[in-house]
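Residue numbers (our numbering): 4 to 153. Even for Gly, the Cβ is constructed at its ideal location relative to N, Cα and C. Structure, as structure tokens:
Spelled out as structure tokens, the structure:
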């Protein structure tokens, strides 16, 4: 009889742990970790160097755009990261990676990427893009203030 009670107790504990771990994994990796603040990525294809690295970066950039539009923000961030590794001056890739991180509720990473994008936009004399970055920062600030009210 004691063995049955022990086995039952082990099964109950395993079930509770399984449900708990499943919920945490879902919250971290799944839809529970998404708060879509920015619906659309910056879709304009950046100027790329006429090199093999530039060509590959363009492919990764477009794959990031496609993943972003499908709501796969983590995958989009990874694709933009690949583009940035090949061509480190892609302001649009930093911008989009920042937007993807914001949608994944990684606001610190979002801010870091948006700041880098704004620096690159400034070097490239892209005033309109800097204005968009400012709007993105305002949206992040507003969301943070709303969270703090709760």
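*Buried or exposed for residue 1, please, with buried defined as at least 16 other CB atoms from any protein chain shown within 10 angstroms of its CB.*
The requested residue 1 does not occur in the structure, where the chain is confined to residues 4 to 153.
*asked:* Comparing C-alpha positions only, which one of 147, 121, 90, 43 sits nearest to residue 73?
replied: 43
*Quick one: give me the first and last residue of the alpha helix (DSSP H) that residue 149 is part of.*
130-152
_Can you give me the C-alpha to C-alpha distance between residue 114 and residue 37, rounded to a whole angstrom?_
17 Å
_So residue 120 and residue 40 are supposed to be a Cβ contact under 8 Å. How far apart are they, rounded?_
About 16 Å; that fails the 8 Å criterion.
*Using 10 angstroms around the beta-carbon of residue 126, count the other beta-carbons present and answer buried if the total reaches 16, otherwise exposed.*
exposed
*asked:* If you reduce the DSSP assignment to three classes, tell me which class residue 84 lands in.
replied: helix
*Within the 8 Å Cβ cut-off, does residue 147 reach chain C?*
Reference to chain C is not applicable here, since this structure consists of a single protein chain.
_7 Å Cβ shell around residue 59 - same chain, five flanking residues per side excluded_ = 89
*Indicate whether residue 123 and residue 94 have their beta-carbon atoms separated by less than 8 Å.*
yes
*asked:* Within a Cβ cutoff of 6 Å, which residues of the same chain sit near residue 32, ignoring the five residues on either side of it in sequence?
replied: Summary for residue 32: the model assigns pLDDT 49, below 50, so the residue's position carries little reliability, and this model does not support an answer.
*CB of residue 117 within 8 Å of CB of residue 136, strictly*: yes
*Pull up the CB-CB distance for residue 143 and residue 111, whole angstroms please, since I reckon it's below 8 Å.*
At roughly 10 Å, the Cβ-Cβ gap does not stay under 8 Å, so residue 143 and residue 111 are not in contact.
*Enumerate in chain order the residues of its own chain whose CB-to-CB distance from residue 148 is below 6 Å, with the five nearest sequence positions on each side excluded.*
Cβ neighbours of residue 148 beyond the five flanking positions: none.
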